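Working notes, structure below.
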């Protein structure tokens, strides 16, 4: 295992960084990374005093032109870890190159993540917006509507593999001569979202030499396959950290609750203000998200719904409203990412709308940056350990505290045991789901009103 000073090693090195090693080292500030002053000022406006662990290690490597395969947990700042060196490189290129061209391609598995990357880059280029142009083509707008944007040759193009390949085939986008950097964000999801064939075809349209970044929350077989396709003698940055923050930052609870009492329990917790702040309530089915919203409306508790059946523009608008605190509660379903028994779907391509009208390029538990989430509630326990980790990762981001509470019915106990065993294997003290101590007698005062509302819901 190599730590600390080993970051000076050349390509092909495996760099593992331990949290305690990082704590003992002198912590760098952004202005000490040799960044353009305009970038430093934009970072300061975001309130970032110092880089996160992944940013501190990845930014210098990216600025040195290394191909990079980086694994870091959800909420660790991976987007800025590649965006900052890319913007720095573009600013340096602008000093010698006068021709406008698309020099960076950022591939994402979902439209929501594409929109998030767009917003992050815009924030980082606040003071150099005239020099750095970015376009997000991951949405489902008509290709003719996106053609004028690409005709301006933005410096950075963000999109899903299928959308980018469509523009290349329509000759509205050409990357063979100008591309200097390729990023694949959430790399472990690209193949499982059905983009394998599109990505392989897309790579054939790129130049022979360019810098590559693979950013992922896990190192699975799909990431290994992408590594062989995309990277050339890369530096592998593997952060040896727990999959979720420890109990000093993230409190994890579960409460035994049979199906008929889940609605009652949620209503009681909200009515008694035991759950405060911005909250994401996860369910496993689209229909269930609407039923839960209607249930809360019966008690004048406003919420919004986010699921794969909504148009991408509506989803981005809902996320923006939640982040702006127009709603305190968002009911989200991540049913699309999971197949039977919680395994990611692979094999068949899944693009556009499914038979049920669900957008296959959609993800809630991964990729979307919800701001200042205090609590995650698993109204339905997720169907896999990975899904639980990514749901819980929506809170306790950066240095902010958070809590995750899971409602667990008897039928969900095997999954609860699997989650606890997986989290315990990480060796993090306190990284387990504690029983939530709630006096069940307090439920009885709310039971009648809840029962009436549930009867009404069944009749709808």
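Residue numbers (full-length UniProt numbering): 1 to 460.
Note that the Cβ used here is the ideal one computed from N, Cα and C, for glycine as well.
As the structure is a prediction and not an experimental result, all values here were calculated from the model.
Between 44, 38 and 51, which lies nearest to residue 398 when the distance is taken from Cα to Cα? 51
Per DSSP, the bridge partner or partners of residue 305: Per DSSP, 331.
Cut-off 6 Å between Cβ atoms - residues of its own chain near residue 128, not counting five sequence neighbours on either side: 38
Which residues bound the beta strand (DSSP E) around residue 216? 211-216
Just to confirm the assignment: which complete alpha helix (DSSP H) runs, minimum length 4, are found wholly within the region 96-183? Every alpha helix (DSSP H) of 4 residues or more that sits fully in the region 96-183 is shown, in chain order, as 111-124, 143-151 and 161-169.
Using the Cβ count rule (16 or more neighbours within 10 Å means buried), how would you classify residue 395? buried
Can you give the Cα-Cα distance for residue 389 and residue 369, rounded to whole angstroms? Rounded to the nearest angstrom, the two C-alpha atoms are 15 Å apart.
Check whether residue 264 and residue 446 have beta carbons under 8 Å apart: yes
What residue range is occupied by the uninterrupted beta strand (DSSP E) comprising residue 31? Membership of residue 31 in any beta strand (DSSP E) is not indicated, and neither H nor E is assigned to it by DSSP.
Quick test of your reading: residue 258 and residue 286, contact by CB under 8 Å. State the CB separation rounded to the nearest angstrom. Contact flag wrong, Cβ pair sits at about 23 Å.
In angstroms with no decimal places, state the Cα-to-Cα distance between residue 406 and residue 75. 20 Å
Flag this pair as yes or no: are the beta carbons of residue 150 and residue 172 separated by less than 8 Å? yes
Boundaries (first-last residue) of the alpha helix (DSSP H) holding residue 291: It spans 286-297 - the alpha helix (DSSP H) in which residue 291 sits, taken as one unbroken run.
Boundaries of the alpha helix (DSSP H) in which residue 388 is found, first to last residue: 385-392
In terms of residues, what are the limits of the alpha helix (DSSP H) holding residue 55? 53-63
Checking 8 Å against the spacing of the C-beta atoms, do residue 319 and residue 112 come in under that value? yes
Environment of residue 24 [buried if 16+ CB atoms lie within 10 Å]: Reliability fails at residue 24, whose pLDDT of 37 lies under 50, so the model's placement of it is uncertain and no value is given.
Check for me: the beta strand (DSSP E) holding residue 377 runs from which residue to which? 375-378
Residue range of the alpha helix (DSSP H) that includes residue 87: 78-94
Touching by the beta-carbon criterion (3+ pairs, under 8 Å), the region 156-167 and the region 132-140: yes
Spatial neighbours of residue 453 in its chain, beta-carbon cut-off 7 Å, leaving aside the 5 residues before and after: 295 and 298
Just list the residues that DSSP pairs residue 433 with in beta bridges. Answer is none; residue 433 lacks a bridge partner.
Does the distance from the CB of residue 168 to the CB of residue 109 come in under 8 Å? no
Quick one: is residue 233 buried, meaning 16 or more other Cβ sit within 10 Å of its Cβ, or exposed? exposed
Does any residue of chain D have a CB that is nearer than 8 Å to the CB of residue 50? Reference to chain D is not applicable here, since this structure consists of a single protein chain.
Could you pull the start and end residues of the beta strand (DSSP E) that residue 409 belongs to? Element bounds for residue 409: n/a, residue is neither H nor E.
Look at the alpha carbon of residue 424 and the alpha carbon of residue 96, and state the distance between them as a whole number of angstroms. 53 Å
So what's residue 71 in DSSP terms, helix, strand or just coil? strand
Nearest CA to the CA of residue 61: which residue from 40, 283, 146 and 88? The shortest C-alpha to C-alpha distance from residue 61 to any of 40, 283, 146 and 88 is the one to 88.
Please list, in chain order, all residues of the same chain as residue 230 whose beta carbon is under 6 Å from its beta carbon, the five residues on each side excluded. 212
Report the three-state DSSP secondary structure of residue 252 (helix, strand or coil). strand
What three-state label does DSSP hand residue 199 in the structure shown? helix
Hey, would you say residue 210 sits closer than 8 Å to residue 181, going by beta carbons? yes
May I ask you to report which of helix, strand or coil DSSP gives residue 396? coil
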